[in-house]
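Right, one structure below, let's go through it.
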Amino acid sequence: MATVDERSRRWLDRQSVPSLEWLRLVLGLVVPTILVVVWHLLVVTGVFSTHQLPEPLTVATTLYGMAATGELWGHVFITLQRVALGVLFGVTVGIVFGTATGLFSLVSDLFDPLFQSMKNIPSLAWVPLFLLWFGIGEGAKVALIALGAFFPVYLNLSTGIRNVDDELREVVEVYDVGWPTALRNVVFPAALPSLLVGIRGGVGLAWMFVVAAELIAASQGIGFLLSDGRTLSRPDIIIGSILLFAFFGNLSDLGVKAIQRRVVYW
Amino acid sequence: MLDVQNLTKRYDDTIALTDVDFTAAPGEFVAVVGPSGCGKSTLLRVLAGLEPDFDGRVTVNDTPVDDGGSADVGVVFQDPRLLPWATVRENVRLAAPDDASDAEIDDLLERVGLEGFETALPGELSGGMAQRVALARGLAYEPEALLLDEPFSALDALTKVEQQAFLLEVWHSVEATVVLVTHDVEEAAYLADRVVVLGSQPGTVVDRIDVDVERPRERTDERLLDVRERITTALGL
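Going down the list, the sequences are from chains A and B. Start counting at 1 in the first sequence, then tack on 5, and there's your number in my numbering. Start counting at 1 in the second sequence, then tack on 287, and there's your number in my numbering.
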């Protein structure tokens, strides 16, 4: 009896796979939708006053208005640019140091303790120093974001390279595979999944750091909108900015995830 | 020609192998049989140059393995140990000489019955096929001696028989020395010219048996059954 049940259940599962995927996507939207409705009701019934929490529709209208006048795009563009540049630099430096420390234990002994302790410094703590060093221009912000993106890439790649399967290392040894070939065909592909995990984490942290940078020292950007909304007592702008961060943060994560799936094809 | 004299291998306090003597002539098929934990894989790893610390003298064509001798040795491990991101062809190329052409590699793949799978990824292969890629990789290295570490132990009985046939065919065509480590008494008797029986704790040679049975062999040949019996007796089973 049990086996028949088992089999029919598996059969059912298999049959319903495509629709199940859709159902799960829709299910994921249920709670957020309810929250928006509850939010709307709480404001309309006066539980929250509108100067603290505007209606969802007000937020949407504000965003739409700013988009229509073109004001929004400058902020969005500059933030995206900072994140992109920061990620670019952070990932590049992360790859360089991750590779070097992963391959050579001497380099690892020299740099790893430093990086391991630096990664625990909160992002905001760097802001004053970076302002002092790089001024309030773009340099300080990009450098800060690069710093944030650096650590996950460095840490993941370094351990990824160091932890290449011993069994594969023995294959390399037994067949006298040359150093360059071993790196290209064995070590780097083996570390590629770790690198992409690192980049995903790095992009995530880049968004955290861009907020830190823009909150404190910017005249443009989504983070600036955020602090500007507070100054102007405009909760609709604040919430709108948060939603923008949520949107672009998710978008970039999906992008990296898509790359991850393509690159790690095996 | 493989030559092992007075090989003793310790791991900290435990002695894996003690005073192992053993030779394999060029083109000879030697099976090393023993219970699990008798150090037979260790013996193979020493020959392959993967265990640099040992006592005794281990040479391949008169060159000590710890002095470059192991360069002439190829290994097929218990798991195929293929690169999951590389195609079957690229996996084999890893061990091939730098100037090996696609045609030469495909030729090897054909020999182990994998034609048409040149561009497949290891994840798409069955266990038996993956193990044959590993065998082709070992051959691509053009080794003096090919060492096989229980390469069929993870396969089902039917696949195993099939793989043994491939191995014999390949061995005939390349005339390499083959050392097969196994715990399968039947397999050892059926495949080998000579069976070296290792006893355990500590691992040492307890018997050497010449299998004087002409090929191709019948698995049910009386003389093979005698060999199996002698191996079993030597193992104290």
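Note that beta-carbon positions come from the ideal geometry of N, C-alpha and C, so glycine has one too. The model shown is predicted, which means the values in this text are computed figures rather than measured ones.
query	result
DSSP state of residue 387 of chain B mapped onto helix, strand, coil	coil
Straight-line Cα distance separating residue 399 of chain B from residue 462 of chain B	15 Å
Between the CA atoms of residue 420 of chain B and residue 379 of chain B - distance to the nearest angstrom	7 Å
Chain A contact residues for residue 362 of chain B, given Cβ-Cβ distances below 9 Å	175, 176, 179 and 180
Secondary structure of residue 432 of chain B, DSSP reduced to three states	strand
is_contact[residue 191 of chain A, chain B] using C-beta, thresh 8 Å	yes
Spatial distance of residue 502 of chain B from residue 511 of chain B (CA atoms)	12 Å
Proximal residues of chain B, C-beta to C-beta of residue 194 of chain A below 9 Å	370, 371, 372 and 373
Within-8 Å CB hit, residue 497 of chain B to chain A	no
Residue environment, residue 359 of chain B, which counts as buried when at least 16 other CB atoms sit within 10 Å	buried
The stretch 114 to 122 of chain A in contact with the stretch 230 to 240 of chain A per 3-pair CB rule at 8 Å	no
The alpha helix (DSSP H) enclosing residue 74 of chain A, as first and last residue numbers	61 to 74
Segments assigned beta strand (DSSP E), at least 3 residues, entirely inside the stretch 423 to 477 of chain B	432 to 436 and 464 to 469
Cβ contact check for the stretch 334 to 346 of chain B and the stretch 478 to 489 of chain B: 3 or more pairs under 8 Å	no
Assumed close pair residue 517 of chain B, residue 497 of chain B - CB separation to whole angstroms, cut-off 8 Å	Rounded, the Cβ-Cβ distance is 10 Å, inconsistent with contact.
Interface flag, residue 297 of chain B vs chain A, CB-CB below 8 Å	no
Neighbour flag for residue 387 of chain B against chain A, beta carbons, 8 Å	no
Buried or exposed by the 16-neighbour rule on C-beta atoms within 10 Å, applied to residue 137 of chain A	exposed
Exposed unless 16 or more other CB atoms sit within 10 angstroms - verdict on residue 416 of chain B	buried
Beta strand (DSSP E) segments (min. 3 residues) lying fully within the stretch 149 to 185 of chain A	none
Inter-residue Cα distance where the pair is residue 154 of chain A and residue 162 of chain A	13 Å
Backbone CA spacing between residue 439 of chain B and residue 159 of chain A [nearest angstrom]	41 Å
Sufficient close CB pairs (3 or more, under 8 Å) joining the stretch 366 to 375 of chain B to the stretch 303 to 311 of chain B	no
Inter-residue spacing [alpha-carbon to alpha-carbon] between residue 435 of chain B and residue 119 of chain A	45 Å
Residue 320 of chain B vs residue 470 of chain B beta-carbon contact at 8 Å	yes
Whole-angstrom distance between residue 524 of chain B and residue 404 of chain B, CA atom to CA atom	43 Å
Range of the contiguous beta strand (DSSP E) that encloses residue 481 of chain B	481 to 486
Residues that residue 264 of chain A bridges to, as DSSP identifies them	Answer is none; residue 264 of chain A lacks a bridge partner.
Neighbour-count burial assignment, residue 180 of chain A, 16 or more Cβ in a 10 Å radius	buried
Closer than 8 Å to chain A by CB, residue 417 of chain B	no
Reduced DSSP category for residue 253 of chain A - H, G, I as helix; E, B as strand; rest coil	helix
Distance between residue 324 of chain B and residue 213 of chain A (C-alpha atoms, nearest Å)	54 Å
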